[in-house]
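In the working numbering, the protein residues as written are 27 to 866.
We put the beta carbon where it would ideally sit given N, CA and C, even for glycine.
Only one structure is covered here, and it is reproduced in the block below.
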Amino acid sequence: MKFSNRINILLWCMIASAPSIVTFSTYADSITTPIEGKEASGSSQQENSSPADKQLLEDTIELHLRSTLDIFKKFDFVLENLAQVINNNQIRGCDKAKALDHIKMLRYNIFQIQKSSALMNDQMSIKLLNVLFAGFADHVRMLIKNRFIELPEPNFDSIIKDTVTRGTPSFEAIRSDIAANEKLIRTIESEANRIGLSLFNRAYRRVEKFMDDYQVLPRTGKILIGALIGYVLISRIPGQYIPDKEDIKNLGEEKVAQLMEESANSWLTRLQNFTFGPNVRVNQFGKITNSNWAKTPGWIEHYLRSIGIADLAFPGLITWGLFKDQISTTFKDSRTWTEKKWEIIRSYLRGGPVIRKVDKWDKEPTVRFKDVIGKDHAKDILWRVVEYIRDHERFDRAGIVPAAGYLLAGPSRTGKTYIAEALAGEIKDALEAQGITDKFNYIYFTAAEVLQFGISAIISYAKQHAPCVLFIDEIDMLGAQRDRNAQGLSELLTAMSGAMMNADNSRQVIMLAATNAPQNLDYALLQPGRFEKTIWFTYPTVAERAHFLGKELEKRAILTVDTNYLYKLAQETDGMSFEGIRSIIITALQYARAEGEVLNEMHLERAFDEESRLIIFEEPRISEQERKLIAIHQAGHAIATMLFQGNQAVAKVTICPVNVKPKEEPVWMKYVDEKEKQESVEYGKIFTVRKNDAASFSNRDELIAQCKIDLAGHIAETILLGNTGYTYHRHDNQKALAMAKYIIFRGMKESELPKEQREKLQREAFDLLKQCEKEVADLLTQHKDKIEITAQALEKYLSLSGYHLELIMEGKPLVKEDASAQPTEAAPTKAEAEPAAPAA
């Protein structure tokens with residue numbers, strides 16, 4: 027029987043243990059009869075106990091149960107961290123997929139235990155939980171010891187049976203088990219942090235951490251540089267006075283002897299003697315005057331000075347000026363090469379995954395079409411290439427050879443490079459299926475490398491390494507246009523001229539290029555025989571984003587996030603790439619790791635607020651009056667959005683400062699002055715999400731609704747405060763007027779219309795604006811109480827989710843579960859859903 031089924035049977039037995047404990051010999055066989063007389067005395071005692079004693083017993087059981095469940099929570103956190111380490115290839119030798127599946131199975135059963143804990147209200151259940159944890163802990167310690175190479179299924183039959191047959195345990199025994207398990211979880215945490223690391227790896231990590239924390243190398247370098255400067259300065263100090271014949275003749279022996287004695291006793295001479303030794307003697311011209319100079323530390327410098335090498339300083343500077351560029355380039359290349367090699371060595375010393383060479387252009391494809399989420403249109407087109415290579419004769423005889431050049435066009439981070447590698451992987455598999463075991467290469471070049479080496483050399487390199495897929499990223503950066511780089515365009519056209527599929531699989535060169543600005547390419551590049559097929563890429567849909575979120579969490583063995591919340595997050599990440607969504611998950615994991623908790627919806631929500639919404643979670647640095655005005659203004663927008671029920675739904679509203687990221691200029695932006703365009707931070711914002719995954723087309727009614735929503739902020743201020751602050755979000759009215767003009771003018775430019783017609787339509791647009799103002803004022807007046815509640819909640823909590831606004835609109839009390847812990851965060855929007863059981 028599967029281990030998950032055994033746990034379910036055990037939980038059923040523990041839940042059914044009051045008033046009589048049910049036991050079982052093995053999970054796989056059958057549940058045995060209750061233990062006779064085990065609970066009878068306990069039941070009679072409870073019946074005769076006073077209500078105070080019963081309450082005390084229940085509180086004691088609850089206290090011990092909570093302590094036990096805290097241990098399981100810490101254990102689940104350890105398992106999540108182990109999954110991250112395995113997913114990051116930090117453990118050599120283990121089967122990554124099987125190890126992660128095993129951790130998923132363990133985490134799923136821990137989730138089942140935590141979910142059923144509310145029904146465990148007796149001492150035997152708590153005892154069994156502690157015994158079960160000890161079994162889990164021993165099992166995981168065994169996995170850590172063998173580095174997840176062997177993955178046996180846990181079997182706790184004997185220890186569970188022995189525990190149950192002993193009868194009801196005392197609270198003292200339970201406390202002893204809890205203390206032992208708390209010590210055990212600390213041991214597991216320590217072992218999990220060291221998994222895959224040898225004694226040498228741990229020692230190296232400690233030394234490296236010590237050197238980084240205390241900046242040993244920079245400080246040592248500063249000390250050495252200071253010592254060198256001091257050494258040079260001291261060497262310039264004249265040594266002890268040594269007279270020559272002229273001095274003795276002119277000054278006399280007594281005066282010379284006095285000068286020599288004064289020089290020998292001076293602090294300068296003592297400093298130089300201490301630095302270079304007592305055997306060095308120099309005269310006032312810096313010349314060495316004794317024969318023992320070779321035995322002293324400063325002999326090299328004194329020797330160079332004595333033979334006049336210092337006179338070559340000026341010619342040396344000229345030489346350096348002539349060759350400094352060549353020397354600097356050589357040094358940079360050597361430094362880059364050394365840094366790459368050092369990273370490989372360092373990774374080995376730290377016990378991490380071995381870093382392969384990254385300076386090779388030909389790479390082993392590691393992904394396939396099945397690994398690419400969505401992009402069905404691109405897969406269909408490129409699959410023809412795979413089919414041609416698999417069986418080219420049925421294409422050749424019919425004269426329907428597919429293209430050999432493809433242009434992948436679309437915004438950045440939409441999967442162009444990923445699908446190029448997937449194509450190489452599929453072709454490799456197709457060749458291997460035919461018995462062709464020669465290596466199929468995936469060759470990747472950036473535009474900078476193409477400019478550096480030349481397109482002819484790149485094509486020649488690809489042909490030498492055929493069969494291959496040649497991928498050039500950001501090809502528009504080559505400037506291959508007649509008016510910019512005619513020579514480069516000519517070379518590219520010549521190199522690609524006549525590029526066709528070859529029936530000889532050993533000489534296949536399939537060219538792919540990526541760009542997010544196809545309009546910058548010369549038209550000649552898009553002709554047959556070159557990049558004749560353009561494949562368009564867009565940002566992922568809601569379903570694709572939800573699939574990606576689930577896949578990313580699953581491969582990290584995270585099963586505790588509500589699937590409903592994942593779909594909600596997928597809806598709110600409209601316009602984001604998979605890389606952007608992955609960054610949200612990474613940030614959420616950082617929050618979870620820093621707090622010592624398993625990943626949950628709150629971590630993902632905070633990460634999404636930080637990465638996508640760009641909310642700065644801090645108390646607004648404004649006065650109470652301004653805070654109230656902002657809260658009312660944003661409440662007006664939010665309530666109006668909820669009332670009009672257009673194609674947009676409120677995801678979150680906040681009065682916190684928000685970073686303004688640059689976006690594509692909307693229709694109304696041409697009516698806004700430059701000062702508004704340059705704002706980088708704004709106070710308060712409402713975040714909406716489309717209710718469906720259709721294109722952002724809007725009819726007249728939806729545009730009018732948007733116009734009313736833009737006006738709602740200032741109108742709400744007028745209703746609640748009696749006046750309005752137009753200096754706050756003054757572009758709201760500008761947006762509303764621009765929208766009214768857009769509706770009345772029906773997209774036509776004002777400047778292209780006759781004056782009389784233009785003035786007539788302008789009056790109609792203004793009348794429409796005034797009508798919208800009146801309708802919004804009437805509607806918001808009817809829901810004045812909703813605006814007040816929303817504004818007060820925003821002042822208190824700073825942010826509200828769409829779920830909280832629904833509660834307000836339905837007249838239900840607003841409960842923020844996390845308000846005391848973190849007032850800037852919203853409470854979870856959905857109840858936790860049970861994750862699917864992992865496959866055996």
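Spatial distance of residue i from residue j (CA atoms)
i    : j    : result
R376 : K350 : 37 Å
P180 : K711 : 52 Å
T541 : R556 : 15 Å
A430 : I469 : 15 Å
A550 : D388 : 28 Å
I584 : N114 : 15 Å
M774 : D727 : 18 Å
A620 : I610 : 15 Å
F162 : I453 : 45 Å
S638 : K594 : 14 Å
R133 : D102 : 6 Å
G222 : T213 : 16 Å
A488 : H418 : 21 Å
A448 : G441 : 10 Å
H830 : L824 : 13 Å
F98  : I204 : 11 Å
A657 : E821 : 6 Å
G400 : G505 : 31 Å
G662 : N725 : 23 Å
G247 : I255 : 12 Å
V679 : A666 : 12 Å
E176 : L126 : 13 Å
R228 : V104 : 19 Å
E785 : E832 : 43 Å
E801 : F634 : 35 Å
K577 : I641 : 27 Å
Assigned secondary structure, residue i (DSSP; H/G/I helix, E/B strand, else coil)
i    : result
Q507 : coil
Y134 : helix
W562 : strand
I641 : strand
I610 : helix
T472 : strand
S196 : coil
L826 : strand
D397 : helix
K389 : strand
T599 : coil
Residue interval of the alpha helix (DSSP H) (run including residue i)
i    : result
Q660 : E650 to F670
R716 : Element bounds for R716: not the alpha helix (DSSP H) but the beta strand (DSSP E), V707 to R716.
L496 : No alpha helix (DSSP H) contains L496, which is instead part of the beta strand (DSSP E) from C494 to D499.
P77  : P77 to N113
H629 : E627 to F634
K187 : D183 to T191
R647 : Here R647 belongs to no alpha helix (DSSP H), and DSSP marks it neither H nor E.
V233 : L225 to D239
E836 : From DSSP, E836 is part of no alpha helix (DSSP H); its letter is neither H nor E.
Q553 : First-last for Q553: undefined, no H or E at that position.
Residue i classed as buried or exposed, judged by whether at least 16 other C-beta atoms fall within 10 angstroms
i    : result
G63  : With a pLDDT of only 37 at G63, under 50, the local geometry of the prediction cannot be trusted, and the value read off the model is given with reservation. Under this definition G63 is an exposed residue.
P244 : exposed
P554 : exposed
D55  : The predicted position of D55 is uncertain, since its pLDDT is 36 and thus under 50; no value can be drawn from it.
T586 : buried
M537 : buried
R420 : exposed
I251 : exposed
D499 : buried
Q732 : buried
P683 : buried
M131 : buried
Start and end residues, beta strand (DSSP E) containing residue i
i    : result
V679 : Q674 to N685
V568 : It is not in any beta strand (DSSP E) - V568 instead sits in the alpha helix (DSSP H) that spans V568 to E580.
I536 : V535 to T541
Fully enclosed by the region 410–470, which alpha helix (DSSP H) runs are 4 residues long or longer?
419–422 and 442–459
Identify every run of the alpha helix (DSSP H) within the region 746–817, keeping only runs that are complete inside it and at least 4 residues long; order them along the chain.
757–771 and 781–808
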